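To convert a position in the sequence shown, counted from 1, into our numbering, add 7. No residue lacks a Cβ here, since even glycine has one placed at the ideal position from N, Cα and C. Owing to the predicted nature of the structure, the values given are computational and were not obtained by experimental measurement.
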Amino acid sequence: MASKTIPKPTVKEIFPIHLAVIKDMLEQSKHINNNASYQESINVLYNKLEEGNLSTQEYELTLNEIDDLRREKATNPNVNGQIVVNLPSNIKSLDQLQKVTHSETDNANKVIKSVEKENESMNQQINELKAKIESNNNYIGEIINQQSLNDVAKPIIEGESKYYDAKKFYSDFMWQKATGLLQNKTFGKKVVKYPNLVSSKK
8 MASKTIPKPT
18 VKEIFPIHLA
28 VIKDMLEQSK
38 HINNNASYQE
48 SINVLYNKLE
58 EGNLSTQEYE
68 LTLNEIDDLR
78 REKATNPNVN
88 GQIVVNLPSN
98 IKSLDQLQKV
108 THSETDNANK
118 VIKSVEKENE
128 SMNQQINELK
138 AKIESNNNYI
148 GEIINQQSLN
158 DVAKPIIEGE
168 SKYYDAKKFY
178 SDFMWQKATG
188 LLQNKTFGKK
198 VVKYPNLVSS
208 KK
């Protein structure tokens, strides 16, 4: 009973837009973490001015640099750890981004349900196979059990003796029956050594 494998999309195929947005956010985070904050850079320049060792031209250039940093700080949304959502190249608006990401999430849930359904089907097949194996083992046990009972009659069948002591026959038969039942319970595995059946000759 072969199980038909259902082709499954990769995580990248399920969440292309989510992954693109998150990748961009990580890049923003790395940029922020790898560079000093605007205020720290501005403070360094202020300290440079306070030292008073600058020429007039150097002083003006430093002031201009501080002003540029202050303007960038005021307009850059990534200042001091703030990360924004930049739209992927194939997304034209935030509304479209929301719709697409919602669609990706819905599709992901459908994929999960599909795989769960596949697992249920395979588990059912596994349980059916286990039941069949157990049935086969019980069948083997029944045959071995009867073979054990057959051994009791072998001395007479094979001509080793013309007669069999009744009490011994009954005792041997019950012993074989008991150990045969044990074999049946252990799926046909012999776990008890049978006694040697010696015929009682008269």
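Per-residue DSSP class, three states only, for residue i
| i | result |
| --- | --- |
| residue 172 | coil |
| residue 148 | helix |
| residue 92 | coil |
| residue 203 | Confidence at residue 203 is low in this model, with a pLDDT of 49, below 50, so its placement is unreliable and the value that follows should be read with caution. Residue 203: coil per DSSP, three-state reduction. |
| residue 99 | coil |
| residue 14 | coil |
| residue 60 | coil |
| residue 127 | helix |
| residue 22 | coil |
| residue 48 | helix |
| residue 27 | helix |
| residue 165 | coil |
Beta-carbon proximity of residue i to residue j, cut-off 8 Å
| i | j | result |
| --- | --- | --- |
| residue 135 | residue 25 | no |
| residue 28 | residue 92 | yes |
| residue 168 | residue 162 | yes |
| residue 79 | residue 52 | no |
| residue 5 | residue 35 | Limits of the chain in this structure are 8 at one end and 209 at the other, which puts residue 5 out of reach. |
| residue 37 | residue 122 | no |
| residue 68 | residue 49 | no |
| residue 179 | residue 159 | yes |
Expected contact under 8 Å - CB spacing of residue i and residue j to nearest Å
| i | j | result |
| --- | --- | --- |
| residue 22 | residue 138 | That belief does not hold up - the Cβ atoms of residue 22 and residue 138 are roughly 40 Å apart, past 8 Å. |
Determine contact between the segment 120 to 129 and the segment 138 to 156, defined as no fewer than three beta-carbon pairs at a distance below 8 Å. The segment 120 to 129 makes no contact with the segment 138 to 156, as fewer than three CB pairs between them are under 8 Å.
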